[in-house]
Structures are given as C-alpha cells and as structure tokens.
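Numbering (this note's numbering), first residue to last: 441 to 647.
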C-alpha cells in the first residue's frame, strides 16, 4: 500500500515470501503477532496432522501433496481478501478505466476462488482458512483495508493499485513454485491459470 500509515511490518512480510518460496510452500509463511514483534518461533506445516503428516498424499485419489494443499489454502486466503479489496472499487475509485479494469479482475478472482475451493473439497481438507488473521505477503491487513475503505478518488486509486500489484506479484511467484514442486496435475494446471491471469492483470493495470 502506498500510504505510510498503511505499512506496518512490511519488511517482515517481504521476508515471509522468501520463506514461502525457499520452503517450497510446505513451511507456513504466516506470522502471528509475536513473530512479527520479533519473538522466535518454529515454522509450522500448513497441513500437518496425525492423519495427514507432512509430505504425505491425501484425498480420495491420493495425488495431493502437502505442497499442493498449502498452495490451495494460501491462494484461497489471498483471493478471499482480494475480493474484499475489489468490492470497494466501485465506490472509492476515481478513474473510470481503473474501475472497469478492477471489475474484470473481480470476475476472474471469483472464478479462481470457485476452482480452488472445488479442489480443496476433493482433498478432503476442511475449508477453514488456517491463514485467517495472518499478515502475509500479497495481502493487505485489517489496518490497511480500513485505510483503503476510508480513501476516495486519487488516493483510493493509488492504494488499490499498490495492493493489487503486490497480490499479483506474489500469486505469480507462489504459482510458479507450485508448478515446479507440486504433485497433482489438476493443481498444477490451476496454478498455471492463476499465474497467467495475475501476470495479464498486472501488465494491463491502468496507470
């Protein structure tokens, strides 16, 4: 986000995306408030449990890895939050071209969310958003969302561009890693779609 008041923990969030990419999506890239404040904590697996230990396949077909599921869960969290951002565009935006562009992004975002949730249902993992309330790369936190909600006109447009540019960048990076390191062909196919869509929207964003 472009406003100084809407950038808490930005350096730590940049480090989190590096952690995500280097850990190949198996290690969680989220941080709780204590971690962001500097308290040390061990990284946790996004899909580790007695029934589905880390590294094992899950789901009825046995083709989903923990990396696949980590990516699906993280993209659902990112796209859910992006939907909240995009819902503000018709009210707060100042530039008609940006509003039209945001409407197209919103349609694609809803399509991706539907596909992601269908895949998650196939794995048998509940859609309970393990990333809720986390401050992650590619998302705006609650404070930033409030700043965006209160903004109008040119200020809103700047904040919207900043938030969505960050979202697209990290969606592309995460999807690229999934395509290299995931297991299930359906997840890899969706990751390719998400990456291409994010790149196209980022490049076509009205300046």
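From the three backbone atoms N, C-alpha and C, an ideal C-beta is built for every residue, glycine too.
query: Span of the alpha helix (DSSP H) around residue 505; result: Premise fails: residue 505 is in no alpha helix (DSSP H) and is neither H nor E.
query: Contact the region 556-563 vs the region 609-619: 3+ CB pairs below 8 Å; result: no
query: Proximity test, residue 545 beta-carbon vs the ligand SAM heavy atom, cut-off 7 Å; result: Questions concerning the ligand SAM fall outside what the structure shown contains, since it holds no ligand whatsoever.
query: Residue 564 (DSSP reduced to helix, strand or coil); result: coil
query: For residue 587, the first and last residue of its enclosing alpha helix (DSSP H); result: 582-590
query: Residues sharing a beta bridge with residue 622, DSSP; result: For residue 622, which the question treats as bridged, DSSP gives no partner whatsoever.
query: Own chain residues within Cβ distance below 7 Å of residue 530, not counting five before or after; result: 539
query: Residue 587 versus residue 605: straight-line alpha-carbon distance, rounded; result: 17 Å
query: Sufficient close CB pairs (3 or more, under 8 Å) joining the region 534-552 to the region 612-624; result: no
query: Test item: CB-CB of residue 525 and residue 603 under 8 Å; result: yes
query: Alpha-carbon to alpha-carbon, residue 528 and residue 513; result: 24 Å
query: Cβ-based burial, residue 549 [other Cβ within 10 Å; buried from 16]; result: buried
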